[in-house]
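Residue numbers (the numbering used here), protein chains in the order written: chain A, 6 to 446; chain B, 6 to 446. Glycine included, C-beta positions come from ideal geometry on N, C-alpha and C.
There are 2 protein chains.
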Amino acid sequence: MERTLVEDTINKIGETITLKGWVNTKRDHSKIVFIDLRDRTGLIQIVGTGDLLGSLKLEDVVSIEGLVKARPEKMINPDLTTGTVEIEALKLAVLSHSAELPIDMSKETLEVELPTLLDYRSLSFRHPKIQAIFKVQAVVIDAFRRALMEKDFLEFQAPSIINAVPEGGSEVFKVDYFDHEAYLSQSPQLYKSLLTTAFERVFSVNHIFRAEPSATTRHLTEAVSLDAEFNFIESVDEVLDMEEYVVRYIFDEVQQHCQKELALFNATIPLMSEKFPIIKLRDAQEIIFERTGRDCRTEKDLAPDDEREICAWAKEEKGSDLVFVSHFLTKKKPFYCYPDPADPEYALSVDLLCRGVEWSSGGQRLNDYETILKNVHEWGLKEEDVALYLQAFKFGSPPLGGFALGAERITMYILGLKNVREASMFPRDMERIDLRLSSAK
Amino acid sequence: MERTLVEDTINKIGETITLKGWVNTKRDHSKIVFIDLRDRTGLIQIVGTGDLLGSLKLEDVVSIEGLVKARPEKMINPDLTTGTVEIEALKLAVLSHSAELPIDMSKETLEVELPTLLDYRSLSFRHPKIQAIFKVQAVVIDAFRRALMEKDFLEFQAPSIINAVPEGGSEVFKVDYFDHEAYLSQSPQLYKSLLTTAFERVFSVNHIFRAEPSATTRHLTEAVSLDAEFNFIESVDEVLDMEEYVVRYIFDEVQQHCQKELALFNATIPLMSEKFPIIKLRDAQEIIFERTGRDCRTEKDLAPDDEREICAWAKEEKGSDLVFVSHFLTKKKPFYCYPDPADPEYALSVDLLCRGVEWSSGGQRLNDYETILKNVHEWGLKEEDVALYLQAFKFGSPPLGGFALGAERITMYILGLKNVREASMFPRDMERIDLRLSSAK
């Protein structure tokens with residue numbers, strides 16, 4: 006008999022169907038046994054005799070033929086999408102037996118510490134709340150792409166292996182590349198910028214690599230970057246407008262397609278005002294000083310506390326969880342950043358903050374070859390290390406800009422996760438690649 | 006004035022518009038100058054006085070205000086999408102000057118050798134025929150995703166950094182990972198399989214890395230793999246059906262969205278019969294022997310000549326450019342391959358060949374934990390190197406299978422390119438990472 010998916014059962018009352026899935030929970034009253042069966046579409050209650058279902062263990066994979074019955078009004082389970090029906094089991098086939106579970110999978114939230122959860126990553130993926138994280142992430146990533154395709158951006162594949170680290174190499178991974186030394190890319194920045202000189206509008210979903218020897222809750226050594234870049238802009242405002250459009254598009258899609266997932270985390274889409282507020286770094290620091298007495302007014306960047314404070318300000322004063330912060334110090338930014346003509350000490354570089362943390366960085370880039378070349382030397386870089394980049398701008402390039410968003414961070418801060426590792430299926434850090442490294446070799 | 010895109014000019018006859026783009030070609034008759042202007046949507050002819058346009062150089066970036074005029078019947082250029090109109094230039098602003106071009110970009114096909122083309126990669130991207138390659142590739146990749154999303158597959162992000170090389174390490178890149186040795190993934194096979202035990206249906210567009218010390222026309226050290234895997238299958242036939250569905254979906258999308266690009270290469274979508282033919286390895290070898298006298302009947306795999314021959318057979322006898330070849334030797338395949346119960350010496354592993362070359366490999370995988378564990382030992386692997394994989398199957402897993410397609414190969418063989426490097430924006434091989442490595446350091 007053709008398989009019926011769990012979510013489709015509610016339309017099949019009175020029919021005999023075949024369900025396939027995993028034994029998610031089991032309540033054994035000896036003569037009568039209740040099972041919650043799980044497939045990729047959800048959970049459903051199955052009831053059967055002890056003779057038929059009694060020997061089943063958690064996570065066994067089964068095919069169950071059964072009759073779909075409407076539940077009496079008072080037995081309806083409002084917490085379950087399929088709570089209006091239950092299945093009376095008629096026939097059972099076990100497709101695969103499970104070993105005894107090393108962790109308790111039955112709780113609404115997995116009550117294990119993160120390291121244990123990751124030690125049992127293959128198993129923890131089966132928990133509905135863990136699955137919800139990656140459903141949301143897939144929607145975020147696809148929404149990013151859809152948003153940009155609708156604006157005529159071309160998708161490109163950013164390389165991971167690179168031959169030089171023009172922006173400084175302390176946090177870069179080295180690769181043995183035949184007889185040469187190569188590196189893992191920290192950002193597709195130069196590639197996406199050079200591509201605009203041919204394709205105008207490009208985006209990429211790509212992996213970036215950072216050898217940060219720290220174990221914060223916000224950093225991974227391999228992360229998914231959502232990159233966009235385009236040219237023929239009149240000003241940096243067009244870059245911010247495009248980024249705002251993309252972020253709103255992402256939120257709309259999550260709101261539309263992830264109701265169930267958001268509810269599991271008691272999460273809501275970030276608050277948005279009619280237009281994301283924008284504030285210059287120095288003005289932000291002034292506000293922080295006024296609000297807290299903490300004087301960061303000469304710092305080159307916002308510290309984590311500052312990010313939280315300026316987000317609090319944006320929410321209270323502007324009704325927005327999101328806020329652009331612009332005008333970082335030109336000399337502290339990469340060589341390609343565009344100084345504000347009105348005040349060249351500060352660059353037209355812009356971070357997007359949300360819920361207390363940086364989600365994105367972007368801005369306008371230099372497009373004049375001679376200026377770029379001068380900066381390459383001033384920043385102490387080697388021309389040969391940015392050869393393809395220079396080549397692109399040597400032969401005519403319009404004004405350009407772009408931005409990059411972190412896929413795991415967005416997922417984390419939409420759902421209110423405590424650690425970015427929860428938002429990566431296979432998080433890598435200095436202590437773990439799948440297994441804990443200390444015990445791996 | 007708002008920018009008008011080149012492709013939209015044909016609907017604006019009689020209007021004064023502003024175009025922005027690059028000077029693609031220039032024919033200077035002194036008092037009158039013809040320019041082909043290029044933007045991301047195509048080329049258009051602009052005519053103006055020598056005074057206005059005479060000083061322009063190839064690849065200068067310009068903003069031109071001009072009047073859209075219908076061309077007289079006999080002046081219509083059928084080779085140009087905008088061949089029914091031309092622009093009479095009224096005002097000119099140069100947004101960016103180009104240096105003199107080191108290669109001739111004016112020919113319909115870039116007449117330079119591949120190494121030179123790659124040395125000037127940033128520039129060669131501007132050639133319409135090069136752009137067409139990556140337009141097709143973007144459509145291929147997006148079609149792969151759309152096809153699978155429509156079948157309820159979840160997108161996942163396969164990691165690039167791995168901690169062990171269970172399938173043998175001769176062609177793997179090593180990464181310095183803090184105090185440990187890590188590697189670049191050759192395939193997301195184990196990750197996608199283990200994910201099915203939780204998500205049922207998954208796919209990934211991911212980068213794979215092969216340290217092949219060879220310089221063939223078909224191999225890259227970093228390539229884009231299109232991976233799909235799903236479970237609750239009744240037999241390997243479901244895997245082939247899904248793969249055929251995906252490949253047809255890709256071809257449909259390319260046919261629909263890449264007419265202009267296919268025409269540039271004089272390319273056609275591969276020939277398809279009602280159902281892709283399928284043939285067992287030993288039967289294929291028998292046919293090759295009959296057709297050519299070449300005896301490969303005891304070989305474990307098809308050599309390049311054999312692949313071409315069996316594709317020729319499929320085209321002549323079955324009316325199909327595509328052919329599945331199944332039943333490779335179990336012992337020569339990875340530990341997770343599913344032996345045919347009817348003849349366990351051969352596995353339910355299946356390659357898809359098209360136009361003389363392998364496009365894909367796939368098949369059914371083992372799902373029984375004890376059998377997998379036995380094979381891990383028989384194949385000489387360490388349990389700890391496949392720990393997460395074993396964990397997934399230990400706790401109940403239904404029958405599964407899947408396949409992987411190479412994005413560059415598909416692009417290459419749809420368009421009839423001679424070298425796979427042409428189908429990679431930034432091809433990496435043992436001699437090149439952007440620059441030629443010999444000259445890089």
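Check residue i in the structure and name its three-state DSSP category.
i, result
"residue 342(B)", "strand"
"residue 207(A)", "strand"
"residue 146(B)", "helix"
"residue 1(B)", "Because chain B in this structure spans residues 6 to 446, residue 1(B) falls outside the shown range and cannot be described."
"residue 275(A)", "coil"
"residue 98(B)", "strand"
"residue 235(B)", "strand"
"residue 16(A)", "helix"
"residue 426(A)", "helix"
"residue 221(A)", "coil"
"residue 418(A)", "helix"
"residue 120(B)", "helix"
"residue 111(A)", "coil"
"residue 155(B)", "coil"
"residue 175(B)", "coil"
"residue 50(A)", "strand"
"residue 38(B)", "strand"
"residue 474(B)", "Outside the modelled stretch of chain B, which goes from 6 to 446, sits residue 474(B), for which no answer is possible."
Given a threshold of 16 other Cβ atoms within 10 Å of its Cβ, counted over all protein chains shown, does residue i qualify as buried or as exposed?
i, result
"residue 429(A)", "buried"
"residue 50(B)", "buried"
"residue 109(A)", "exposed"
"residue 116(B)", "exposed"
"residue 261(B)", "exposed"
"residue 332(B)", "buried"
"residue 488(B)", "This structure does not reach residue 488(B), given that chain B is present from 6 up to 446, and the question cannot be answered."
"residue 298(B)", "exposed"
"residue 43(A)", "buried"
"residue 112(B)", "exposed"
"residue 6(A)", "exposed"
"residue 302(A)", "exposed"
"residue 124(B)", "buried"
"residue 84(B)", "exposed"
"residue 385(A)", "exposed"
"residue 403(B)", "buried"
"residue 368(B)", "buried"
"residue 175(A)", "exposed"
"residue 308(A)", "exposed"
Looking only at C-alpha atoms, which of the options sits nearest to residue i?
i, options, result
"residue 169(A)", "150(A), 191(A), 159(A)", "191(A)"
"residue 320(B)", "291(B), 395(B), 279(B)", "279(B)"
"residue 387(B)", "176(B), 269(B), 171(B)", "171(B)"
"residue 54(B)", "215(B), 34(B), 254(B)", "34(B)"
"residue 277(B)", "440(B), 316(B), 265(B)", "316(B)"
"residue 71(B)", "141(B), 92(B), 77(B)", "92(B)"
"residue 435(A)", "187(B), 9(B), 59(B), 58(B)", "187(B)"
"residue 16(B)", "59(B), 74(B), 32(B), 62(B)", "74(B)"
"residue 240(B)", "353(B), 314(B), 411(B), 126(B)", "353(B)"
"residue 350(B)", "336(B), 360(B), 357(B)", "336(B)"
"residue 26(A)", "65(A), 252(A), 205(A)", "65(A)"
"residue 443(A)", "182(B), 411(B), 395(B), 366(B)", "182(B)"
"residue 226(A)", "237(A), 214(A), 235(A)", "214(A)"
Just checking my contact of residue i with residue j at CB under 8 angstroms: how many whole Å lie between their CB atoms?
i, j, result
"residue 207(B)", "residue 158(B)", "6 angstroms"
"residue 230(A)", "residue 193(A)", "7 angstroms"
"residue 209(A)", "residue 161(A)", "5 angstroms"
"residue 329(A)", "residue 255(A)", "About 16 angstroms separates the two Cβ atoms, so there is no contact after all."
"residue 420(B)", "residue 141(B)", "6 angstroms"
"residue 203(A)", "residue 131(B)", "4 angstroms"
"residue 178(A)", "residue 177(B)", "Not confirmed; about 15 angstroms, so no contact."
Fill in: Unbroken stretches of the alpha helix (DSSP H), 4 residues or longer, contained in the region 274-342 of chain B
DSSP runs (the alpha helix (DSSP H)) wholly in the region 274-342 of chain B: 286-297, 309-323.
Item to complete: Give, in chain order, every unbroken run of the alpha helix (DSSP H) that is at least 4 residues long and sits entirely within the region 386-416 of chain B.
Response: Within the region 386-416 of chain B, the complete alpha helix (DSSP H) runs of at least 4 residues are 392-399.
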